[in-house]
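> The following block contains the structure, expressed as structure tokens.
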Amino acid sequence: MDFQTASHLQKHRFVWIMWDKKRWWITVCVLVLGFCLTGCAAKQTSPGEVTTSEIQTSKSVVSELTAGESVTEEEREPEKIPRVLSFYDAQSDAWYEAEVQENAPMQAYDWTKLSTGDIPSYEDGTYVSELGIDVSHHQGEIDWESVAAAGVKFAIIRIAYRGYGESGTLKEDRFGMENVRKAQAAGLAVGVYIYSQAISEEEAVEEAEFVIALLGDTSLELPIVFDEERVLGDVARTDGISAAQMTANARAFCDRIQRAGYEAMIYSNVYSEMFLYDMEALSDIPFWYADYEPQPQTPYAFEIWQCSESGKIPGIAGNVDVNLRFLREE
0 MDFQTASHLQ
10 KHRFVWIMWD
20 KKRWWITVCV
30 LVLGFCLTGC
40 AAKQTSPGEV
50 TTSEIQTSKS
60 VVSELTAGES
70 VTEEEREPEK
80 IPRVLSFYDA
90 QSDAWYEAEV
100 QENAPMQAYD
110 WTKLSTGDIP
120 SYEDGTYVSE
130 LGIDVSHHQG
140 EIDWESVAAA
150 GVKFAIIRIA
160 YRGYGESGTL
170 KEDRFGMENV
180 RKAQAAGLAV
190 GVYIYSQAIS
200 EEEAVEEAEF
210 VIALLGDTSL
220 ELPIVFDEER
230 VLGDVARTDG
240 ISAAQMTANA
250 RAFCDRIQRA
260 GYEAMIYSNV
270 YSEMFLYDME
280 ALSDIPFWYA
290 DYEPQPQTPY
300 AFEIWQCSES
310 GKIPGIAGNV
320 DVNLRFLREE
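For the sequence shown, counting from 1, position 117 maps to 116 in numbering that gives the first Met the number 0; every step adds exactly one.
Now the structure itself:
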């Protein structure tokens, strides 16, 4: 081999060695880079975190586990927060809070449409009010023609009452039937009520039958009303009566009245509706609601609002309860 050939081979050997070394370094660099990338990826997923592949796997498992299962509406819906009403009770001169029975019928009057003054009125395009009064023997002799001329359209007249003492004697209002006849003769629509102190369903039915007997063959334009009230400032036979018993009394009275062919109604105020009556259980019976605040506090439905106890009406000496009856406009 001559010198030139040897030199050429030596040169190629050197180049090969250099290339081999270069390829080795490239391999090392690639391995190091791969290691670094793997470490970074591992750092990005800390303990407790879930990777995309794990999420996809979980979704598949959940789909398999829940396949064929149904979820009820009760399970899907969040728990409802009870609606609480804060109200003032004039009878006890105190403020109270109570949970509203959401399944009972609710009133939907727009109280911005209420006109206040000596004679209040209401009209909202759907309902219109008419003026009425309620009376007992406390008003004495009444000039019903003058009452009618003053624009009064209806009257609810006390026909009887039960004493709140231990004996609980039933008595007829001494002006009851006379007021019924004279008010009807003057052109007023008339309903009647009994002041109740029943402590059982049997006594409530007894009260209903007492009223029916007093009416005889007299027809009425408005309902017969069950009016059971608290007695404050004295010991009463109804002290401590439960809400369940009050509700049962009202139901028994109204059922008996309806079986006799009359309409039935319940007298209430915001305290009795929130604490003494199961409004859901009595949802099929209309209410006559008493509240002397500027507008009714109750959320519940009612057909008649006793809005004042100090009204002045021609034909009646002294104060009288004033009422608004809400009628659908024709």
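From the three backbone atoms N, C-alpha and C, an ideal C-beta is built for every residue, glycine too.
1. Just the Cα atoms here: how many angstroms apart are Q100 and L187?
2. Are the beta-carbon atoms of P285 and Q106 separated by less than 8 Å?
3. In its own chain, which residues sit with a C-beta less than 6 Å from the C-beta of E279, not counting the 5 before and 5 after it?
4. So for M105, helix, strand or coil by DSSP?
5. Name the residue from L231, R324, F86 and E227 whose alpha carbon lies nearest to the alpha carbon of R250.
6. Excluding the five sequence neighbours on either side, which residues of its own chain have a C-beta within less than 7 Å of the C-beta of R327, listed in chain order?
7. According to DSSP, Y121 sits in a beta bridge with which residue or residues?
8. Where does the unbroken beta strand (DSSP E) through D226 begin, and where does it stop?
9. For K112, which option in Y192, S307 and Q294 has the closest C-alpha, if you only look at C-alpha atoms?
10. Should P119 go down as buried or exposed, given a rule of 16 or more other Cβ atoms within 10 Å for buried?
11. Just to confirm the assignment: which complete alpha helix (DSSP H) runs, minimum length 4, are found wholly within the region 210–269?
12. Using three-state DSSP, classify N322 as helix, strand or coil.
13. Using DSSP bridges, identify the partner residues of I155.
14. What is the DSSP secondary structure of Q138, counted as helix, strand or coil?
15. Is the beta carbon of V146 less than 8 Å from the beta carbon of I303?
16. What distance in whole Å lies between the Cβ atoms of R173 and Q196, which are believed to be in contact at a cut-off of 8 Å?
17. Assuming F141 and G314 are in contact, meaning their beta carbons sit under 8 Å apart, how far apart are those beta carbons, in whole angstroms?
18. Would you decide whether W24 is buried or exposed? Buried here means 16 or more other CB atoms lie within 10 Å of its CB.
19. Can you tell me the Cα-Cα spacing of I132 and I158, whole angstroms?
Answer, in terms of the structure:
1. Q100 and L187: Cα-Cα distance of roughly 35 Å.
2. No, these two residues do not count as a Cβ contact at 8 Å.
3. Excluding sequence neighbours, E279 sits near Q100, N102 and A103.
4. Correct three-state label for M105: strand.
5. Checked all of L231, R324, F86 and E227; the closest Cα to R250 is E227.
6. So the qualifying residues of the chain are T125 and Y126.
7. Y121 is bridged by DSSP to L113.
8. It spans I223 to E227 - the beta strand (DSSP E) in which D226 sits, taken as one unbroken run.
9. For the options Y192, S307 and Q294, the alpha carbon positioned closest to that of K112 is the one of Q294.
10. By the neighbour-count definition (other C-beta atoms within 10 Å, threshold 16), P119 is a buried residue.
11. Within the region 210–269, the complete alpha helix (DSSP H) runs of at least 4 residues are 242–258.
12. Strand, per DSSP.
13. As computed with DSSP, I155 is found in a beta bridge with D133 and G190.
14. In this structure, Q138 counts as helix in the three-state DSSP scheme.
15. No, the pair does not count as a contact, with Cβ atoms beyond the cut-off.
16. About 18 Å; that fails the 8 Å criterion.
17. According to the sequence as given, residue 141 is Ile; it is not Phe. Going by Cβ atoms, the distance from I141 to G314 rounds to 6 Å, so yes, they are a contact pair.
18. For W24, the predicted model reports a pLDDT of 46, less than 50, meaning its position is unreliable; a value from the coordinates is still stated below. Exposed is the call here.
19. Looking at the two C-alpha atoms, the distance is approximately 14 Å.
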